[in-house]
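Peer 1:
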Amino acid sequence: MIDQVRPADLAAWFAQDADAAPVLLDVREPWELQTASVAPQGFTLVAIPMNEIPGRLAELAAGDGQPAPRIACLCHHGARSQRVAAFLHQNGFDSLANVAGGIDAWSAQHDPSVPRY
1 MIDQVRPADL AAWFAQDADA APVLLDVREP WELQTASVAP QGFTLVAIPM NEIPGRLAEL
61 AAGDGQPAPR IACLCHHGAR SQRVAAFLHQ NGFDSLANVA GGIDAWSAQH DPSVPRY
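Numbered as in UniProt numbering, the sequence shown ends at 117 without a single skipped number.
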């Protein structure tokens with residue numbers, strides 16, 4: 001099962017495993033990133049459009065001797081990111097969450113400086 005994490009609770013979700021590198025995986029399209037984006041705060045922001053995820057899985061894997069990253073997936077409202085999180089889980093990634101409500105919730109609940117669209 002994929003964790004559903006509200007934007008305000010993301011830092012606490014990342015902190016549950018202090019050894020894992022925290023990654024926010026934004027799966028939106030490039031035009032969406034130009035419209036609204038989050039600033040990395042205690043996590044690495046990785047932007048890979050949803051349709052490119054299968055060919056770019058290696059970019060998300062842990063390096064030699066490194067613990068697997070803790071990945072939270074983000075999209076506009078949470079549907080695409082949920083599907084990506086499920087795909088990652090099927091491909092061996094374990095520490096996964098979906099940012100509930102996506103960047104729209106991020107703006108409404110966490111950081112109103114992020115534009116809504």
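Glycine included, every Cβ here is placed at the ideal spot set by N, Cα and C.
Pick helix, strand or coil for Gln4, following the three-state DSSP scheme.
Peer 2: Residue numbering aside, residue 4 sits at position 4 when the sequence shown is read from its first letter. Reduced to three states, the DSSP call for Gln4 is strand.
Peer 1: Among Ala79, Gly92 and Ala86, whose alpha-carbon lies nearest the alpha-carbon of Gly101?
Peer 2: Start at 1 with the first residue of the sequence shown, and residue 101 comes out as number 101. Per the Cα distances, Ala79.
Peer 1: Would you mind working out which of Ile48, Asp17, Tyr117 and Ile103 sits nearest Ala8, comparing C-alpha positions?
Peer 2: Numbered from its first residue, the sequence shown carries residue 8 at position 8. Ranking Ile48, Asp17, Tyr117 and Ile103 by Cα distance to Ala8 puts Ile103 first.
Peer 1: So, for Asp17: in the same chain, excluding its five sequence neighbours on each side, which residues have a beta-carbon less than 7 Å away from its beta-carbon?
Peer 2: As a position in the sequence shown, residue 17 is number 17, starting the count at 1. Excluding positions up to five away in sequence, the list reads Arg70 and Ser95.
Peer 1: Between residue 156 and Leu24, is the Cβ-Cβ spacing less than 8 Å?
Peer 2: Residue 156 cannot be examined here, being either before or after the span of the chain that is shown, 1 to 117.
Peer 1: Please name the residue in Val38, Gly65 and Gln82 whose C-alpha comes closest to that of Pro115.
Peer 2: Position 115 of the sequence shown holds residue 115. The shortest C-alpha separation from Pro115 is found at Val38.
Peer 1: Name the DSSP bridge partner or partners of Ile53?
Peer 2: To locate residue 53, count along the sequence shown from 1; it is residue 53. None, per the DSSP bridge assignment.
Peer 1: Specify the secondary structure class of Ile71 as computed by DSSP and reduced to three states.
Peer 2: Counting from one through the sequence shown, the residue named residue 71 turns up at place 71. Of the three classes helix, strand and coil, the one that applies to Ile71 here is strand, per DSSP.
Peer 1: Examine the Cβ distances between the region 53–72 and the region 81–88 and report whether three or more of them are shorter than 8 Å.
Peer 2: The region 53–72 vs the region 81–88: in contact.
Peer 1: What residue does the alpha helix (DSSP H) around Ala79 start on, and which one ends it?
Peer 2: As a first step, residue 79 must be located in the sequence shown, where it is residue number 79. From DSSP, the alpha helix (DSSP H) with Ala79 extends over Ala79 to Gln90.
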